[in-house]
Amino acid sequence: MSDVAESLVRVDGETGLEFCQGAGLLIVDELKNRQAETGTVSELIVMAVMAKLQQTCAEAYLDLKRPRSEIEGVLRAGLRELHRQAESWVNDGLNDDQIAAQQAAYEVEIERSNAVAARAVPEARRKPTPMDFDELLEAQGGETRMIIFEIARVVTPELFAFMLNVPSDRVFDHIPNDTQREVIGELTSILRQLPGYEYELSDGAIGEALISYQSELKSSQATHFHVKCGGLRPPIDDDGSLDSALQIVAMDVVAARLCDESTLMRTLATHPLHRELVLRVMKEGEPIAALFTRAAEADSNLDAVERQMAAYYMNPVIAHWTDGSGGSLDVRHVPEALIASLRLTCDTSDDVLREVCDSVAESLTQARELAAGGPVNAVAYVGLCNVALDDDVPRIELPNMMIRRPSVFEKHAVPSFVKKATLVAEVSTELQLRDVTLQSMSMNDDPKEILREFAEQNERSITYADKRKALSESLPERVLQLRFAIALASPQRRLLGPVWVYTIYRNPLTGHGGNSLGSAGAGESNFRDQAIDRLAAERVARYFVPTDNLHASLRLARTRILQALSERGDVIDCFIDFVIAWESVVGYSESTTFLVSAAMSTLLSPDDVEKRRDLFNQVKKLYGHRSAVVHGSAGRDAPSKSFKITEVSDYATQAGRLAIDTFKRVLERPELLDLDTQERVRMVLLGFPK
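Using this note's numbering, you'd call the opening residue of the sequence shown number 961 and step up by one each time.
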């Protein structure tokens, strides 16, 4: 027990809860190697250690900002007390009844500590206590459970969850009420009558059966089931406006957003209000219609009669936008684009239909402003993987940006070959129509005419070139800024490595705009599947500061840190990148090893000589490993006494932790930001840059 207590390493800048979590991992790992026989003093000691750990963690949960030193003191005192108690158990001996009684007492203590920690989490964020599988099976019914899995396989778990009005991640483990059991029976009957049910139903068959409009229901089957199971449908009546008709149709076909994009197109076309939607978009006085009539009236290549006819029939146009996207825009496809681009961040049971109506109103407002030529504050969705929000973190609010969990209703917007995002950042961007011309209805095969049209289009685009360039440069930089803020927010014993997988621009007139997608293999990293807890979320907001104007050496360090965290599949490459980041911050050619070690240890521990000595030796040792790897004297094929390939992952984690902490210390000292590497080292060690 003394060995365990003394192995709790001191880490600078760590909160009490972080220390407790790290100590828990260390203690659990230690206990794995000490398998105890049932009913023995050894087993009692294991339970006692876990009880002390749970008790300490409960105290840390009560005050997330409580200093590490206090929580460490609580745990160390508890372990020392337990050490003395364990000695008496071993020396004096305990009979079976005494061991059982003591174990029962520790079980009560663990339950009490868990309850204290749970009360510290707001009620709305508490996870339900998982039900024992046998109890779950009995409550669901064995046959019902088999049918639940069968339906989810056929229609997807998300669509099934929407129809049952349950959270998308609970579809397999919820206990159906009487109404939901009735719906499951009806749904089974519908699906089993479809051709090909035994093998695999096409999206078209599912869409026609469940999402297409059913006249006898006055809605789709999916929305009908959702409402029957308790989902609330706002009482929207068709008052003759585009707004009300679009809200009604969107509520009926919203389940198509849980399928592929073609399902929305097919099911929307069967709705009795679809034709009416198109007519209302084309109605005189509707701002969206004016976009098409203006383009026709301004076409100098047509005579007066042709312009009048093109305006009357609202011929398709070629539209270009400031997000870099462009192409054909047909007034008849506008309703589909509006529904496809609805901002739906809810889950399958979170008042979905109310959010649909609210989003329709927002999208129509933006579409009309865009059609009139004005800029709108649009949203770009940035998908990240490798990191996720912890259960008690609903979102992270940042300036002009919000980080949240992905919504199941965004499924159709991202191609299936792109790695699934575990985080979505909504980034506010400005969107504006930069150019619109009437689309030629006949094929032009004259090369000179094609070149002339291209030259005219290019000339018109110059007006918006600066705005387009600013957007194309600013958004990627903001994504870098976000990813680096998450990296800097890494807890002391875990490194966060967010990977960019896609950017999707939301445009209510086209569905989605100029999108960017990561490669199919994006997300390969040695620092994956990490959660951002409440403490890390607070740090993300703190470190979300512009870093594009920093000195080139610091920008290089930022790049190397992000590459190591999120782009390197080889752990040796991670290790090398982290050490290069050290050099970019506090190193240059003259006695690099000594200077980097000295500058980093001074930055990280300016007042504690003993800690500074330990850091200096740690950095110097890691530097030696890095040099051996780079120069070929150590590596996978060349192990040595001091370098073991099995420990490279640990070397990389240590190097990453040091790189991140050093960068944060530089950010905290404004006088270091604009200096080059050599000047920064002198400022840290000597107090002057030159």
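Every residue, glycine too, gets a C-beta built ideally from N, C-alpha and C.
If you're wondering where the values come from, they're calculated on a predicted model, not measured in any experiment.
1) Ignore the nearest five residues each way along the sequence and tell me which others in residue 1477's own chain have a CB closer than 6 angstroms to its CB.
2) For residue 1570, count neighbouring C-beta atoms within 10 Å of its own C-beta (all shown protein chains included) and say buried if the count is 16 or more, exposed if not.
3) Please give the ranges of any alpha helix (DSSP H) in the region 979–1067, keeping only runs that are unbroken, at least 4 residues long and fully inside the region.
4) What does the Cβ neighbour count give for residue 1100, buried or exposed, with the cut at 16 atoms within 10 Å?
5) With C-beta atoms as the reference, is residue 1322 less than 9 angstroms away from residue 1361?
6) Could you give the residue range of the alpha helix (DSSP H) that holds residue 1234?
7) Tell me which residues share the same chain as residue 1093 and place their Cβ nearer than 8 angstroms to its Cβ, disregarding the 5 neighbours each side in the sequence.
8) Quick test of the definition: if touching needs 3 or more C-beta pairs under 8 angstroms, does the region 1104–1113 touch the region 1140–1157?
9) For chain D, check one thing: does any of its Cβ atoms lie closer than 9 angstroms to the Cβ of residue 1233?
10) Decide if the region 1148–1158 is in contact with the region 1229–1238; the criterion is three or more beta carbon pairs, one per stretch, under 8 angstroms apart.
11) Helix, strand or coil: which one does DSSP assign to residue 1336?
12) Residue 1469 lies in the beta strand (DSSP E); which residues open and close that run?
13) For residue 1302 versus residue 1319, is the C-beta distance shorter than 9 angstroms?
14) Rounded to a whole number of angstroms, what is the C-alpha to C-alpha distance between residue 1394 and residue 1281?
15) How is residue 1616 classed by DSSP in three states: helix, strand or coil?
16) In chain order, which continuous runs of the alpha helix (DSSP H) of length 4 or greater are located wholly inside the region 1489–1552?
17) Between the C-alpha atoms of residue 1647 and residue 1016, what's the straight-line distance to the nearest angstrom?
18) Output the boundary residues of the alpha helix (DSSP H) element that contains residue 1293.
19) Among residues of its own chain, excluding the 5 on either side of residue 969, which ones have a beta-carbon nearer than 8 angstroms to its beta-carbon?
20) Three or more beta-carbon pairs under 8 angstroms between the region 1265–1283 and the region 1203–1215, yes or no?
21) Please confirm whether residue 1497 and residue 1304 have their CB atoms less than 9 angstroms apart.
22) Are the CB atoms of residue 1545 and residue 1619 within a distance shorter than 9 angstroms?
23) Have a look at residue 1134 and residue 1156 and give me their C-alpha separation to the nearest angstrom.
24) Buried or exposed: where does residue 1626 fall if 16 or more other Cβ atoms within 10 Å of its Cβ makes it buried?
25) Tell me which same chain residues have a C-beta within less than 7 angstroms of the C-beta of residue 1205, skipping the five on either side of it?
26) What's the gap between the Cα of residue 1649 and the Cα of residue 1575?
27) Please report the distance separating the alpha-carbon of residue 1369 from that of residue 1306.
28) Using the Cβ count rule (16 or more neighbours within 10 Å means buried), how would you classify residue 1450?
29) Can you tell which of 1221, 1373, 1191 has the C-alpha that lies nearest to the C-alpha of residue 1312?
30) Residues in the same chain with beta-carbon distance under 8 angstroms from residue 1384, minus the five sequence neighbours each way, listed in chain order, please.
31) Roughly how many whole angstroms lie between the Cα atoms of residue 1266 and residue 1331?
32) Does the ligand SAH have even one heavy atom less than 8 angstroms from the beta-carbon of residue 1584?
33) Use the C-beta contact count for residue 1464: other C-beta atoms within 10 angstroms, 16 or more gives buried, fewer gives exposed.
34) With 16 other CB atoms within 10 Å as the buried threshold, where does residue 1277 fall?
35) Exposed or buried, what is residue 1097 when buried is set at 16 or more other beta-carbons lying within 10 Å of its beta-carbon?
36) Cα separation between residue 1020 and residue 1644?
Working from what's here:
1) Residue 1477 sits at position 517 when you count from the first residue of the sequence shown. The residues are 1378, 1462.
2) The residue given as residue 1570 occupies position 610 in the sequence shown. Label assigned to residue 1570: exposed.
3) 1001–1022, 1028–1052
4) Indexing the sequence shown from 1 puts residue 1100 at position 140. So residue 1100 counts as buried.
5) Working through the sequence shown from its first residue, we reach residue 1322 at position 362. Working through the sequence shown from its first residue, we reach residue 1361 at position 401. Cβ atoms of residue 1322 and residue 1361: not closer than 9 angstroms.
6) The residue labelled residue 1234 in the question sits at position 274 within the sequence shown. 1234–1241 is the span of the alpha helix (DSSP H), which, as asked, contains residue 1234.
7) Counting from one through the sequence shown, the residue named residue 1093 turns up at place 133. Cβ neighbours of residue 1093 beyond the five flanking positions: none.
8) yes
9) In the structure shown, chain D does not exist; there is a single protein chain.
10) no
11) Mapped onto the sequence shown, residue 1336 falls at position 376. Looking at residue 1336 - three-state DSSP - the assignment turns out to be strand.
12) Locating residue 1469 in the sequence shown gives position 509, where the first residue counts as 1. Looking at the DSSP string, residue 1469 is not in any beta strand (DSSP E), and its letter there is neither H nor E.
13) Walking along the sequence shown from the start, residue 1302 turns up at place 342. Walking along the sequence shown from the start, residue 1319 turns up at place 359. Going by C-beta atoms, residue 1302 is nearer than 9 angstroms to residue 1319.
14) Here residue 1394 is taken as the residue at index 434 of the sequence shown, counted from 1. Here residue 1281 is taken as the residue at index 321 of the sequence shown, counted from 1. The alpha-carbon atoms of residue 1394 and residue 1281 are separated by roughly 5 angstroms.
15) For the purposes of this step, residue 1616 is identified with residue 656 of the sequence shown, where counting begins at 1. Residue 1616: helix per DSSP, three-state reduction.
16) 1494–1503, 1512–1526, 1531–1546
17) On the sequence shown, position 687 is the one that residue 1647 refers to. On the sequence shown, position 56 is the one that residue 1016 refers to. Distance between the alpha carbons of residue 1647 and residue 1016: 42 angstroms.
18) Here the question's residue 1293 lines up with position 333 in the sequence shown. Premise fails: residue 1293 is in no alpha helix (DSSP H) and is neither H nor E.
19) For the purposes of this step, residue 969 is taken as the residue at position 9 of the sequence shown. Note that residue 969 scores a pLDDT of 47, beneath 50, so its modelled location is shaky and nothing firm can be said.
20) no
21) As a first step, residue 1497 must be located in the sequence shown, where it is residue number 537. As a first step, residue 1304 must be located in the sequence shown, where it is residue number 344. No, the Cβ-Cβ distance between residue 1497 and residue 1304 is not below 9 angstroms.
22) Against the sequence shown, residue 1619 aligns to sequence position 659. Against the sequence shown, residue 1545 aligns to sequence position 585. Their beta carbons are under 9 angstroms apart, which means residue 1619 touches residue 1545 by this criterion.
23) On the sequence shown, residue 1134 is found 174 positions in, with the first residue counted as 1. On the sequence shown, residue 1156 is found 196 positions in, with the first residue counted as 1. One C-alpha to the other measures close to 28 angstroms.
24) Indexing the sequence shown from 1 puts residue 1626 at position 666. Buried, by the Cβ-count rule.
25) Numbered from 1 along the sequence shown, position 245 holds the residue referred to as residue 1205. Excluding sequence neighbours, residue 1205 sits near 1198, 1233, 1236, 1237, 1240.
26) If you number the sequence shown from 1, residue 1649 lands on position 689. If you number the sequence shown from 1, residue 1575 lands on position 615. Between residue 1649 and residue 1575, the C-alpha separation is close to 23 angstroms.
27) As a first step, residue 1369 is located in the sequence shown; it is residue number 409 there, counting from the start. As a first step, residue 1306 is located in the sequence shown; it is residue number 346 there, counting from the start. Their backbone Cα atoms lie some 8 angstroms apart in a straight line.
28) Stepping through the sequence shown from its first residue, residue 1450 is reached at position 490. So residue 1450 counts as buried.
29) One-based indexing of the sequence shown puts residue 1312 at position 352. Residue 1191 is the option with its Cα nearest to residue 1312.
30) Counting from 1 along the sequence shown, the entry for residue 1384 is found at position 424. Same-chain partners within the cutoff: 1341, 1342, 1343, 1344, 1363, 1364, 1365, 1366, 1367, 1370.
31) On the sequence shown, residue 1266 is found 306 positions in, with the first residue counted as 1. On the sequence shown, residue 1331 is found 371 positions in, with the first residue counted as 1. Spanning the two alpha carbons is a distance of roughly 22 angstroms.
32) Among the components modelled here there is no ligand, and therefore nothing to report on the ligand SAH.
33) Taking the sequence shown and counting its residues from 1, one reaches residue 1464 at position 504. Buried, since its Cβ has 16 or more Cβ neighbours within 10 Å.
34) On the sequence shown, residue 1277 is found 317 positions in, with the first residue counted as 1. Buried, since its Cβ has 16 or more Cβ neighbours within 10 Å.
35) The residue given as residue 1097 occupies position 137 in the sequence shown. When all chains shown are included, residue 1097 counts as exposed.
36) If you number the sequence shown from 1, residue 1020 lands on position 60. If you number the sequence shown from 1, residue 1644 lands on position 684. Going from the Cα of residue 1020 to the Cα of residue 1644 covers about 35 angstroms.
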